[in-house]
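Sequential numbering of the sequence shown, starting at 32, is according to our numbering.
This report concerns only the one structure given below.
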Amino acid sequence: WALGRFQMGCERALDTEALTDYLLALEALVDASDEAGRAGLPLRVAALCAEESERRAAQRRLEQALAMQRSLISGDGAVVGADSPRSIAEFVENCARGLLRDVLCGYLEPGLRGVADDMLLRTGEPFEITAKDIRAEPEPEPEPISEGTVPLETEPELEFEPEPVTVEEPQLSVEPDDDAGVTPSEDWAWDEDPSSYSAPV
Numbered sequence: 032w033a034l035g036r037f038q039m040g041c042e043r044a045l046d047t048e049a050l051t052d053y054l055l056a057l058e059a060l061v062d063a064s065d066e067a068g069r070a071g072l073p074l075r076v077a078a079l080c081a082e083e084s085e086r087r088a089a090q091r092r093l094e095q096a097l098a099m100q101r102s103l104i105s106g107d108g109a110v111v112g113a114d115s116p117r118s119i120a121e122f123v124e125n126c127a128r129g130l131l132r133d134v135l136c137g138y139l140e141p142g143l144r145g146v147a148d149d150m151l152l153r154t155g156e157p158f159e160i161t162a163k164d165i166r167a168e169p170e171p172e173p174e175p176i177s178e179g180t181v182p183l184e185t186e187p188e189l190e191f192e193p194e195p196v197t198v199e200e201p202q203l204s205v206e207p208d209d210d211a212g213v214t215p216s217e218d219w220a221w222d223e224d225p226s227s228y229s230a231p232v
């Protein structure tokens with residue numbers, strides 16, 4: 032598919048029309064079909080097509096090509112960058128031609144996106160690819176409960192008012208403390224008559 036788009040670009044009469052075909056060929060080669068892949072296209076193609084010392088300049092020209100394509104699609108006619116559309120189209124054409132040749136000849140693997148990422152990691156060159164995700168964030172899933180674990184439910188606190196406590200005092204009854212086994216008798220009264228004693232006094 033990438034080869035077909037490249038050939039269509041070579042047949043275009045206008046450089047601005049050919050630019051879109053060349054960029055589509057590059058997107059197919061480095062798997063830039065989504066937003067994140069398209070954002071990283073200039074950096075990855077620059078890593079594959081330019082020397083390490085020239086990657087920054089190549090990346091800027093590829094970014095200018097994408098901006099020029101957006102301007103052409105919108106129809107605003109704004110001038111993008113200092114380079115002419117012809118020079119930008121020729122640069123993108125050379126990048127697509129070189130990558131197609133290396134893939135068809137077996138010098139590079141077809142998965143050029145992974146090859147470019149490996150090259151960037153080996154060189155240690157810092158890079159940042161940002162993409163905006165417009166999808167709604169999913170709600171966090173509840174943590175799984177392991178077997179044998181019973182979820183604890185918090186019991187609601189009960190509010191209560193203390194009831195008044197009435198303490199009844201026991202009624203004490205006082206009974207005479209009589210000796211056990213002794214029966215009161217009328218003979219307990221004192222007799223002052225000496226004759227009542229059993230022995231002489």
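Virtual Cβ for every residue (Gly too), placed ideally from N, Cα, C.
- Taking C-beta separations shorter than 6 Å and ignoring five residues to either side along the sequence, the partners of A81 in its chain run A89, following chain order.
- In terms of Cα proximity to G35, the closest of L79, A120 and A127 is A127.
- In the pairwise beta carbon analysis, the segment 33-53 is classified as not touching the segment 68-82: fewer than three pairs are separated by under 8 Å.
- In terms of CA proximity to A56, V76 leads the group E94, V76, M150 and M99.
- Around A147, the same chain offers R75, A78 and L79 as residues with beta carbons nearer than 6 Å, after the five sequence neighbours per side are excluded.
- About 7 Å separates the beta carbon of L54 from that of L97, a gap short enough to meet the 8 Å contact definition.
- DSSP places P73 within a helical segment (H, G or I) once states are collapsed to three.
- Secondary structure of A67 (DSSP, three-state): helix.
- Exclusion of the five residues before and after G142 leaves D62 as the residues of its chain whose Cβ lies within less than 8 Å of its Cβ.
- If you draw a straight line from the Cα of L50 to the Cα of D149, it is about 28 Å long.
- By the criterion of a C-beta distance shorter than 7 Å, M99 is surrounded in its chain by L50, V111, P116 and I119, once the five residues flanking it on both sides are discounted.
- It is roughly 10 Å from the alpha-carbon of E48 to the alpha-carbon of I104.
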